[in-house]
Amino acid sequence: MRHIYRFSVMTTPCELHLFGDRGRADGVARRVLRGSKGLELKYNFYNPDSLLSKINRREVSRVDQESREILRLAKGYSVRTNGVFDITMGTLKGIERSKSSIELERFREKMLPFIGVEHFKIGRNRIEFDNPYTKIDLGGFVKEYAVDRAVKIIKRGGIDEALINFGGDIYAMGREFHIGIKNPNRRDEIITTIPLKDMALTTSASYERYSEVDGEIFSHIRGKSTLQSEIVSTTVISKSAVESGVFSTALMVEPDMDLDISASILLIRRDLKLIWRSSIYRY
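For the sequence shown, our numbering assigns the number 1296 to the initial residue and increments by one for each residue that follows.
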């Protein structure tokens, strides 16, 4: 029997579809929610009381094992994408709502030298920066980390079949599910459907979130050399939500990037042309 649990984590609607005994499913769902909420509280960029905010203000430098694992993992993906995926893009945040486009560009020029994971290092139990300006924003990365953690919790809880969906970061477990990909021009329509089993699927899209500055709309996905990509949607299917999320984000910035992963990749252009790359399956 299917049991559905809905909640909100990291400002996104989340769903768990768990199959099996109701009592067991309820307990697993509670553990997933508790763990996900804990990650949200700890790594919320906008919460001044979060551990991440205190790190960004240089109020704390000691970090626990979980934080070291997450930061090292994110730093490693930055290296693998040649800096296209970069958690230090948080250095540019906090200005769009209050500044003009000219002031925004000046701010970007001033902050660009402080963007890059080379500006911080993780020691045995500490994080150290080489300047006072670099800020870390784990954003979607920690949400995808929460999906991968949820998979582990569900398996440990004795559930063999499940669908996890954290705001479009999806993992299908134990059975095949058909996942709809939105039409970028009409969000209430599905442009294609992808079968998914024992894999993660993440879509990054410029239509999901945006900022407006002097009438100009910019994608929420920031790159070092551009504010907006010609590709409007990227979907990556791989073994983990973190990996899918990192590379779907990176491909929004550099669609021609060479990837060192086994994955299926779907790019959608503004003209709605679908481009499949590096397929490990045929769809």
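From the three backbone atoms N, C-alpha and C, an ideal C-beta is built for every residue, glycine too.
Quick caveat, the model's predicted, so the values are computed rather than measured.
Please list, in chain order, all residues of the same chain as residue 1537 whose beta carbon is under 6 Å from its beta carbon, the five residues on each side excluded.
Result list for residue 1537: 1439, 1440 and 1443, in chain order.
If we require 3 or more residues per run, which beta strand (DSSP E) segments fall completely within the region 1379 to 1426?
Runs found: 1415 to 1417 and 1422 to 1424.
Taking residue 1436 and residue 1540 to be in contact with their CB atoms under 8 Å, please state how far apart those CB atoms are, rounded to whole angstroms.
7 Å
Take residue 1480 and list the residues in its own chain whose beta-carbon comes closer than 7 Å to its own, dropping the five residues that flank it on each side.
1567
Residues bridged to residue 1458 by DSSP?
Paired residues: 1312 and 1467.
Should residue 1558 and residue 1531 be called a contact, given that it needs their Cβ atoms to be closer than 7 Å?
yes
Using beta-carbon positions only, say whether residue 1326 and residue 1298 come within less than 7 Å of one another.
no
Could you check where the beta strand (DSSP E) with residue 1445 kicks off and where it finishes?
Per DSSP, residue 1445 lies in no beta strand (DSSP E); the unbroken alpha helix (DSSP H) holding it starts and ends at 1434 to 1451.
Inter-residue spacing [alpha-carbon to alpha-carbon] between residue 1490 and residue 1478
17 Å
Excluding the 5 residues preceding and the 5 following residue 1484 in the sequence, name in chain order all residues of the same chain whose CB lies nearer than 8 Å to its CB.
1477 and 1478
Compare the C-alpha of residue 1551 against each of 1307, 1571, 1353 and 1534 and name the closest.
Nearest Cα to residue 1551 within the set 1307, 1571, 1353 and 1534: 1571.
Should the region 1454 to 1465 be regarded as contacting the region 1302 to 1311, the criterion being three or more beta carbon pairs within less than 8 Å?
yes
Since residue 1494 sits in a beta bridge, which residues does DSSP pair it with?
1467
Residue interval of the beta strand (DSSP E) (run including residue 1355):
That residue, residue 1355, is in no beta strand (DSSP E); it is neither H nor E in DSSP.
Residue 1431 beta carbon less than 7 Å from that of residue 1365
no
What residues in its chain sit with their C-beta under 6 Å from that of residue 1367, if we drop five residues either side in the sequence?
1417
Is residue 1348 helix, strand or coil when you go by DSSP?
helix
What is the C-beta distance between residue 1245 and residue 1475, in whole angstroms, given that I count them as a contact (C-beta under 8 Å)?
The structure shown does not extend to residue 1245, since the chain spans only 1296 to 1578, so no value can be given for it.
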